[in-house]
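The structure under discussion appears below in the form of structure tokens.
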Amino acid sequence: MSGTRRMHADEAHTDEDLVRRLLRAQFPQWAELPVRRLASGGTVNAIYRLGAALTVRLPLLEGGSESVDQEARWLPRLAPLLPVAVPEAVALGEPGEGYPHRWAVHRWREGEVLTEGATAGAEDLARDLGAFVSALRTADPAGAPEAHRGGAPALMDAETRSSIEALRRTDEPFDADALLAAWERTLTVPAWSGPPCWTHADLMPSNLLGADARLAAVLDFGTAGVGDPAADLIPAWNLLPPAARGIFRDAAGLDDAAWERGRGRALSMAVVQLPYYRHTNPVISANARHVLHQVLESP
Numbered sequence: 001m002s003g004t005r006r007m008h009a010d011e012a013h014t015d016e017d018l019v020r021r022l023l024r025a026q027f028p029q030w031a032e033l034p035v036r037r038l039a040s041g042g043t044v045n046a047i048y049r050l051g052a053a054l055t056v057r058l059p060l061l062e063g064g065s066e067s068v069d070q071e072a073r074w075l076p077r078l079a080p081l082l083p084v085a086v087p088e089a090v091a092l093g094e095p096g097e098g099y100p101h102r103w104a105v106h107r108w109r110e111g112e113v114l115t116e117g118a119t120a121g122a123e124d125l126a127r128d129l130g131a132f133v134s135a136l137r138t139a140d141p142a143g144a145p146e147a148h149r150g151g152a153p154a155l156m157d158a159e160t161r162s163s164i165e166a167l168r169r170t171d172e173p174f175d176a177d178a179l180l181a182a183w184e185r186t187l188t189v190p191a192w193s194g195p196p197c198w199t200h201a202d203l204m205p206s207n208l209l210g211a212d213a214r215l216a217a218v219l220d221f222g223t224a225g226v227g228d229p230a231a232d233l234i235p236a237w238n239l240l241p242p243a244a245r246g247i248f249r250d251a252a253g254l255d256d257a258a259w260e261r262g263r264g265r266a267l268s269m270a271v272v273q274l275p276y277y278r279h280t281n282p283v284i285s286a287n288a289r290h291v292l293h294q295v296l297e298s299p
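Written out as structure tokens, the structure is:
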């Protein structure tokens, strides 16, 4: 199960016993509820089901406390503007029991984690994703943090090139020169010059829940903030089939340059993820392979 194998050298250890001890110490009203770790493609949080109506989110890495605080501050302001459910914190926990980060108890959100390449209902899902991306851009950016991946592609150049070279040294069946050429194409595209706007910046399938072939919820706003809205176009390559991309693009309402930057961002994320996670996170590594195939095959 993804998440049970150590992904980062410096990640915090978590398990069901830790969750129970943290609850007994800080939120005893929930301490007797059943606790079960959820299978997840997530790389920065461990998620535990708590009873029928709650989840516990434990950050794995340094900086995780800040993402917990950011969600608690901003999601109540963003949620009324968005067309689907988002995380709702019902309690914020403090470090304790040997665990070093702040953590959160959230309401359970119904839905199935989406998977790359599914075609059933893809057109409706594409419209829903585009509507979410468009709605998020309407939020007031005053005082918002900078999005984790919200800068110009040039800021990712060194890491992307290094990761392509790391991928070249593996047995993965990708043409590193073709990936480099696709990335360099991104660098020729004009940077975002519009007004500051909100972006989720991590619309990976593992952060998206579906129900009845529609988008039901968007999770994990720990990277969200003000930045280039092209960061939110990555589902075109990490999730949607080619036939649904145009629908998503139209619903998202962004221009040709943003589309090209979005393609480059999807490529960059995938080439960084694959060498790093290919032995520790099968969900993320499978998605990265999918993205690289889609990027190389798309015009």
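Its first residue numbered 1, the sequence shown is counted upward by one per residue in full-length UniProt numbering. C-beta atoms are modelled at their ideal positions from N, C-alpha and C, and glycine is treated no differently.
Residue nearest to residue i in terms of C-alpha spacing, selected from the options
i: Ala25; options: Trp108, Ala39 and Gly98; result: Gly98
i: Arg127; options: Glu112, Ala158 and Phe248; result: Phe248
i: Pro235; options: Phe132, Asp15 and Arg6; result: Phe132
i: Arg169; options: Glu32, Leu23, Val271 and His290; result: Val271
i: Arg185; options: Pro141, Ser206, Pro87 and Ala258; result: Ala258
i: Pro242; options: Ser67, His293 and Asp175; result: His293
i: Glu172; options: His290, Glu16, Glu32 and Ala53; result: His290
i: Asp232; options: Arg265, Gly210, Ala211 and Gly222; result: Arg265
i: Asp220; options: Pro282, Val56 and Asp17; result: Val56
i: Glu11; options: Val90, Arg49 and Pro59; result: Pro59
Backbone CA spacing between residue i and residue j [nearest angstrom]
i: Pro145; j: Gly225; result: 5 Å
i: His13; j: Gly64; result: 13 Å
i: Glu297; j: Leu208; result: 24 Å
i: Asn45; j: Asp69; result: 14 Å
i: Glu62; j: Gly96; result: 15 Å
i: Ala213; j: Glu123; result: 9 Å
i: Leu129; j: Ala251; result: 8 Å
i: Ile47; j: Arg37; result: 6 Å
i: Arg107; j: Leu254; result: 32 Å
i: Ala230; j: Tyr277; result: 24 Å
i: Glu88; j: Arg21; result: 23 Å
i: Arg102; j: Leu92; result: 7 Å
i: Phe174; j: Leu167; result: 8 Å
i: residue 359; j: Pro83; result: What is shown of the chain runs 1 to 299, which leaves residue 359 out entirely.
Under the three-state DSSP convention, the category residue i falls into
i: Gly3; result: The predicted position of Gly3 is uncertain, since its pLDDT is 40 and thus under 50; a value taken from the coordinates is nonetheless stated next. In this structure, Gly3 counts as coil in the three-state DSSP scheme.
i: residue 330; result: A query on residue 330 cannot be resolved here, the shown segment of the chain reaching from 1 to 299 and no further.
i: Pro83; result: coil
i: Thr119; result: coil
i: Glu88; result: coil
i: Glu112; result: strand
i: Gly150; result: coil
i: His13; result: coil
i: Ile234; result: coil
i: Thr170; result: coil
i: Pro59; result: strand
i: Arg278; result: coil
i: Trp192; result: coil
i: Leu129; result: helix
i: Arg49; result: strand
i: His101; result: coil
### Message
If contact is defined by three or more beta carbon pairs under 8 Å, each pair taking one atom from either stretch, is the stretch 114 to 130 in contact with the stretch 173 to 189?
### Response
no
### Query
Considering only residues of the stretch 195 to 243, which uninterrupted alpha helix (DSSP H) runs meet the minimum length of 4 residues and lie entirely inside it, listed in chain order?
235 to 238
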